[in-house]
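Undergrad: Dumping the structure here so I can ask a few things about it.
Residue numbers (my numbering): 23 to 167.
Structure, rendered in structure tokens:
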């Protein structure tokens, strides 16, 4: 795994959780051509609502994200990368995702919340705990260029 100054298929992004026992340190968003087209449609959907001050976001089912925790054993440099930025594009070798440590919660109900300004977050919930895991806010406009 290495960082890239150019947009790649994978965005490494900081995450947070309200869990008292589990770590949700970062996520990886898989940005495919199909993903970009879907986000462009979502941006068109939210545009007419930008002046509706009561509306906060549109909520979509979306599973193009995986949540992980930092590890000294596997890619300890990730913690350093995210100490300087909220997100960074990365290049992955085959099967590298399988080596990362996932959050201990069994996550489900994956969602993307698209805000009126074109920013978004991903979130997911612990299947048995209801604890929430979410990404930092990111710009769909930037990622769909």
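C-beta atoms are modelled at their ideal positions from N, C-alpha and C, and glycine is treated no differently.
With DSSP collapsed to three states, give me the class of residue 61.
TA: Here residue 61 refers to the residue found at position 39 when the chain shown is read from its first residue. If DSSP states are grouped into helix, strand and coil, residue 61 belongs with the helices.
Undergrad: With DSSP run on the structure shown, which of helix, strand or coil describes residue 104?
TA: Here residue 104 refers to the residue found at position 82 of the chain shown. Note: residue 104 maps to helix in three-state DSSP.
Undergrad: Going by CA-CA distance only, name the one from 154, 72, 141 that's closest to residue 61.
TA: Position 39 of the chain shown, counted from the start, is the residue given in the question as residue 61. For the residues 154, 72, 141, the minimum Cα distance to residue 61 belongs to 141.
Undergrad: Buried or exposed: where does residue 47 fall if 16 or more other Cβ atoms within 10 Å of its Cβ makes it buried?
TA: Taking the first residue of the chain shown as position 1, residue 47 is located at position 25. It counts as buried.
Undergrad: Go ahead and label residue 26 buried or exposed: buried means 16 or more other beta carbons lie within 10 angstroms of its beta carbon, across all protein chains shown.
TA: For the purposes of this step, residue 26 is taken as the residue at position 4 of the chain shown. The Cβ neighbour count for residue 26, taken over all protein chains shown within 10 Å, is under 16; the residue is labelled exposed.
Undergrad: Taking the beta strand (DSSP E) that residue 162 belongs to, which residues open and close that run?
TA: For the purposes of this step, residue 162 is taken as residue 140 along the chain shown, with counting starting at 1. That residue, residue 162, is in no beta strand (DSSP E); its alpha helix (DSSP H) goes 162-165.
Undergrad: Check residue 138 in the structure and name its three-state DSSP category.
TA: As a working note, residue 138 is residue 116 in the chain shown. For residue 138, the secondary structure class from DSSP, reduced to helix, strand or coil, is coil.
Undergrad: Is residue 55 helix, strand or coil by DSSP?
TA: Looking up residue 55 in the chain shown gives position 33. In the structure shown, residue 55 sits in a helix (DSSP, three-state: H, G or I).
Undergrad: Give the straight-line distance between the Cα atoms of residue 10 and residue 158, rounded to the nearest whole angstrom.
TA: Nothing about residue 10 can be read from this structure; the chain reaches only from 23 to 167.
Undergrad: Using only alpha-carbon positions, find the residue among 64, 39, 74, 120 that is nearest to residue 23.
TA: Indexing the chain shown from 1 puts residue 23 at position 1. Taking only the C-alpha atoms, the option nearest residue 23 is 120.
Undergrad: Output the distance between the C-alpha atoms of residue 218 and residue 73, rounded to the nearest integer angstrom.
TA: Examination of residue 218 is not possible in this model, given that the chain is present from 23 through 167 alone.
Undergrad: Assign residue 39 to one of two classes, buried (16 or more other C-beta atoms within 10 Å of its C-beta) or exposed (fewer than that).
TA: Within the chain shown, residue 39 is the residue found at index 17, counting from 1. Counting Cβ neighbours within 10 Å, residue 39 comes out buried, since at least 16 surround it.
Undergrad: Determine which residues share a DSSP beta bridge with residue 38 and list them.
TA: Counted from its first residue, the chain shown places residue 38 at position 16. 156, per the DSSP bridge assignment.
Undergrad: If you drop the 5 nearest sequence neighbours on each side, which residues of the same chain put their C-beta closer than 8 Å to that of residue 33?
TA: Taking the chain shown and counting its residues from 1, the one referred to as residue 33 is at position 11. For residue 33, where only same-chain residues beyond five positions count, the Cβ hits under 8 Å are 50, 51, 53, 109, 110, 111, 112, 160, 165.
Undergrad: Which of the three DSSP states is assigned to residue 125 in this structure?
TA: To locate residue 125, count along the chain shown from 1; it is residue 103. The DSSP-derived three-state label of residue 125 is coil.
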